[in-house]
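Here is the structure we will look at.
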Amino acid sequence: MKQRKTKIVCTIGPASSSRKMLKKLILAGMNVARLNFSHGTHEEHRKVFERIRSLAKSLNRPVGVMQDLQGPKIRTGKIKGGSLVLKAGEEFVITSRRILGEPGIVSTTYGGIIKDLDKGHAILIDDGLMELKVLGKNKTNLTCKVVTGGILHESKGINLPGVKTRIPSLTKKDKEDLRAGIEMGIDYVAISFVRSAKDVKSLKRELKRLGADVPVIAKIEKPQALEELDEILDACEGIMVARGDLGVELSPEKVPIAQKMMIRKANLKRKLVITATQMLESMTEHPIPTRAEASDVANAILDGTDVVMLSGETSVGRYPVKTVQMMERIAIQAETDYSAEGHSYPKTSSFPDAISESACLAAENLGLKSI
Numbered sequence: 000m001k002q003r004k005t006k007i008v009c010t011i012g013p014a015s016s017s018r019k020m021l022k023k024l025i026l027a028g029m030n031v032a033r034l035n036f037s038h039g040t041h042e043e044h045r046k047v048f049e050r051i052r053s054l055a056k057s058l059n060r061p062v063g064v065m066q067d068l069q070g071p072k073i074r075t076g077k078i079k080g081g082s083l084v085l086k087a088g089e090e091f092v093i094t095s096r097r098i099l100g101e102p103g104i105v106s107t108t109y110g111g112i113i114k115d116l117d118k119g120h121a122i123l124i125d126d127g128l129m130e131l132k133v134l135g136k137n138k139t140n141l142t143c144k145v146v147t148g149g150i151l152h153e154s155k156g157i158n159l160p161g162v163k164t165r166i167p168s169l170t171k172k173d174k175e176d177l178r179a180g181i182e183m184g185i186d187y188v189a190i191s192f193v194r195s196a197k198d199v200k201s202l203k204r205e206l207k208r209l210g211a212d213v214p215v216i217a218k219i220e221k222p223q224a225l226e227e228l229d230e231i232l233d234a235c236e237g238i239m240v241a242r243g244d245l246g247v248e249l250s251p252e253k254v255p256i257a258q259k260m261m262i263r264k265a266n267l268k269r270k271l272v273i274t275a276t277q278m279l280e281s282m283t284e285h286p287i288p289t290r291a292e293a294s295d296v297a298n299a300i301l302d303g304t305d306v307v308m309l310s311g312e313t314s315v316g317r318y319p320v321k322t323v324q325m326m327e328r329i330a331i332q333a334e335t336d337y338s339a340e341g342h343s344y345p346k347t348s349s350f351p352d353a354i355s356e357s358a359c360l361a362a363e364n365l366g367l368k369s370i
């Protein structure tokens, strides 16, 4: 079988953390294991890390481990019974007080949300599945109208499109998690919700303080990060096209264009680029992907991504191994048809045309206005 160049990252979770399953994933083609520090304890992650290292050694397969820091992710608080129902048109309160959520009110992990939001602001919950609009506020509460309802579970993500929050890029939890990851011996660290190069530099200062030299992957999931992408690329070793949260704050039709732009810029700066989120999402429940998903993976590779990442498909999905095998098959097929030039122009048939085309490519690659 042809050697695959595109690397595969697998998120490790309940469906894939056993020694038996990790071995199957490595043999199926997993190149990097992602440990998501938004969930689990340090001890749980340490056990998984040790299993991966042990298996990689015994199988003589190089397998990297990437620590993914939670970052300034805003989430809903604990809820009585674990969930509640939001009905469109009803009023609902988000509070900075530490309470157990119940019908009509829920707490949040970010107390500064009251100061950051005003009347008319939108609040998106659970990857945009539910939407609230702020009607008013006091010192501790945001009174909202439910625009789009649904079942609200505890610890679900909250997005505030267009709002610049005051939450630090590297939280206290992140620093504690980073120390634990460095002690384990992680190979890469991913920083979430990067807004500017300052966020990357903040993480690098913390790494230096810990005496560690680990490549930093900046997760691009905020519109502000797109505006400062060049500076972010200069500050980090690679980026992750994190389409989940980015797709919540950016309208869906803009995400594919943003993805292509990020991959292109990373390629030009010779920086690693990972494309992630919902790549083979349907395989969380089904043994084969949709044709659209297969095309999505292939096109990301054809656009120049270095790495493709699996999230829920391998962490909680029913078919982790089949998903990796499918990802490998798609990658190999895409690479077989890949054009190194990235274009499918017909070959020029005359000397003047060849000179003109070469001049155009040189101007584009060097950023020149004229030659």
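The sequence shown finishes on residue 370 if you use numbering that gives the first Met the number 0, and the numbering steps up by one all the way, no holes. Backbone N, C-alpha and C fix where the C-beta goes; we use that ideal spot for every residue, glycine too.
Assigned with DSSP and collapsed to three states, Gln-66 falls in strand. Beta-bridge pairing by DSSP links Thr-107 to Thr-75.
Ile-370 and Glu-227 have their C-alpha atoms spaced approximately 29 Å apart.
Taking a contact as a CB-CB distance under 8 Å, the pair Ile-219 and Met-239 counts as one, their CB atoms being some 7 Å apart. By the neighbour-count criterion, in which a residue is buried when 16 or more other Cβ atoms sit within 10 angstroms of its Cβ, Glu-43 is exposed. In the structure shown, Arg-208 falls within a helical segment according to DSSP collapsed to helix, strand and coil.
DSSP places Phe-91 outside any alpha helix (DSSP H); the residue lies instead in the beta strand (DSSP E), whose first and last residues are 90-94. Spatial neighbours of Val-199 in its own chain (CB-CB distance under 7 Å, excluding positions within 5 residues in sequence) are listed in chain order as Ile-190, Val-193, Val-215, Ala-217, Ile-231, Ala-234 and Cys-235. The shortest C-alpha to C-alpha distance from Gly-81 to any of Glu-89, Arg-208, Gly-100 and Leu-159 is the one to Gly-100. Out of Val-306, Val-315 and Gly-311, the CA that lies nearest to the CA of Glu-327 is found in Val-306. Here Lys-114 is exposed: its Cβ has fewer than 16 other Cβ atoms, across all protein chains shown, within 10 Å.
In the DSSP assignment, Ala-241 falls within the unbroken beta strand (DSSP E) covering 237-241. In the structure shown, Glu-252 adopts helical secondary structure according to DSSP, grouped into three states.
Only buried fits Val-272, as 16 or more other CB atoms lie within 10 angstroms of its CB.
Bounds of the alpha helix (DSSP H) holding Ile-300 are 290-302. In the DSSP annotation of this structure, Ile-287 is not part of any alpha helix (DSSP H), being labelled neither H nor E.
Note that the region 142-160 does not touch the region 176-187; fewer than 3 beta-carbon pairs, one per stretch, sit closer than 8 Å.
The criterion of a C-beta distance shorter than 8 Å is satisfied by Ile-262 and Gly-303. In the structure shown, the three-state DSSP call for Glu-101 is strand. For Met-129, the uninterrupted beta strand (DSSP E) segment begins and ends at 129-136. For Ala-32, no alpha helix (DSSP H) run applies; the uninterrupted beta strand (DSSP E) run containing it begins and ends at 31-35, by DSSP. Glu-334 has its alpha-carbon roughly 54 Å from the corresponding atom of Lys-136. If you keep only unbroken beta strand (DSSP E) runs of at least 3 residues inside the region 131-181, you get 140-147, 149-152 and 156-158. Between Thr-10 and Ile-300, the gap from beta carbon to beta carbon reaches 8 Å or more. Straight-line measurement puts the Cα of Thr-107 at about 17 Å from the Cα of Glu-90. For Lys-19, no beta strand (DSSP E) encloses it; the enclosing alpha helix (DSSP H) starts and ends at 18-27. Asn-158 sits close to Gly-127, with the two beta carbons spaced by under 8 Å. With respect to the C-alpha of Ile-150, the residue from Val-105, Met-183 and Glu-312 having the closest C-alpha is Val-105.
A straight line joining the alpha-carbon of Lys-197 with that of His-120 spans about 27 Å. By the beta-carbon neighbour count (other beta carbons within 10 angstroms, threshold 16), Thr-276 is buried. Listed in chain order, the non-local C-beta contacts of Thr-170 below 8 Å within the same chain comprise Gln-69, Gly-70 and Pro-71, local neighbours out to five positions each way being set aside. Under the DSSP definition of a beta bridge, Lys-264 lacks any partner. DSSP lists Ile-190 and Ile-238 as the beta-bridge partner residues of Ala-217.
Linking Ile-78 to Ser-154 through their CA atoms gives a straight-line distance of about 9 Å.
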